[in-house]
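Positions 1 to 232 (full-length UniProt numbering) are the ones given, in order, by the sequence shown. Ideal Cβ placement from N, Cα and C applies to all residues, glycine included. Notes follow once the structure below has been shown.
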Amino acid sequence: MTGTIAHLSAAGLFLLLTHFGISSTPLRAALVGRLGEKPYLGLYSLVSALAFWWLVAAYKAAPHVPVWPPAGGLAWVPVLLVPVALFLLVAGLSTPNPTSVGQEKLLTGDREPVRGILRVTRNPFLWGVGLWAVAHMVPNGDLASLILFGTLALLALGGSVLIDAKLARRLGAAWDRYAANTSNLPFAAILAGRQSLVWREIGWWRPALALLLYGGLLHLHRMLFGVSPLPW
1 MTGTIAHLSA AGLFLLLTHF GISSTPLRAA LVGRLGEKPY LGLYSLVSAL
51 AFWWLVAAYK AAPHVPVWPP AGGLAWVPVL LVPVALFLLV AGLSTPNPTS
101 VGQEKLLTGD REPVRGILRV TRNPFLWGVG LWAVAHMVPN GDLASLILFG
151 TLALLALGGS VLIDAKLARR LGAAWDRYAA NTSNLPFAAI LAGRQSLVWR
201 EIGWWRPALA LLLYGGLLHL HRMLFGVSPL PW
């Protein structure tokens, strides 16, 4: 099966099952009870890394099967969306977040947990990954790319919903209060009047860093991935 679409599909399915089938089910609690929290996290990280490696290796070996023609205008989609995705990634990684591993205690502390990018979405990192993946699906237009980036988009965006549900079960009323003042879908809480955008909490260094990373990726993309991301 190596070097086939079926092999790539199996790798994508394995990645989704290792995440959704373990971390978002009662199996996680059973494994933590047997192994302990830190050994479980170590084992889970190892399995996740292997799953990602398999997916990327299977993608590199997969045949090119066109689904739609890579029209020149489609190349503008990642050019325009990836900077937004990188901003969400940078802001998500640099902002304390109750949905991150080991940070649930932020909901019970004295400090207001809803700050910065969390006013836009309570899962900024996952939305950044999802937006990046969707942006790369559009211009490629081949079956292998749709499977690769579709898997990553489903992992990120579906994961944001499952993480919310898991924390709602675990944290109860503390999560309910937090969820009432935030939204998973970006800007939904702001548009509903439940939240407001406070730019000073985000600062200018986060978008500046995102643009710096974006420039570096544009410059190195051909060397790293063998294709230029620029429409021209």
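Asked                                                                                                                                                                               : Found
Smallest Cα separation from Arg-200: which of Ala-189, Leu-152, Ala-91?                                                                                                             : Ala-91
Could you pull out every residue in the same chain whose Cβ sits closer than 8 angstroms to the Cβ of Gly-21, ignoring the five residues on either side in sequence?                : Leu-27
What is the DSSP secondary structure of Asp-142, reduced to helix, strand or coil?                                                                                                  : strand
Which value, in whole angstroms, describes the spacing of the CA atoms of Leu-107 and Val-79?                                                                                       : 37 angstroms
Within the same chain, show all residues whose beta-carbon is closer than 6 angstroms to that of Leu-213, passing over the 5 residues directly before and after it, in chain order. : Leu-86
Would the region 122 to 139 and the region 147 to 156 be scored as touching if the rule is three or more Cβ pairs under 8 angstroms?                                                : yes
Pick out whichever of Tyr-44, Ala-179, Gly-158 has its Cα sitting closest to the Cα of Ala-168.                                                                                     : Ala-179
So Val-32 is in the alpha helix (DSSP H); what residue range does that whole segment cover?                                                                                         : 26 to 35
Whose CA, out of Ile-202, Arg-222, Ile-5, His-219, lies closest to the CA of Ile-117?                                                                                               : Ile-202
Return the chain-ordered list of same chain residues with a C-beta closer than 7 angstroms to the C-beta of Leu-16, the five sequence neighbours on each side being excluded.       : Thr-151, Leu-154, Leu-155
Determine the burial state of residue 239: buried for a count of at least 16 other Cβ atoms within 10 Å of its Cβ, exposed for fewer.                                               : Coverage of the chain is limited to positions 1 through 232, which leaves residue 239 absent and any answer about it impossible.
How is Pro-83 classed by DSSP in three states: helix, strand or coil?                                                                                                               : helix
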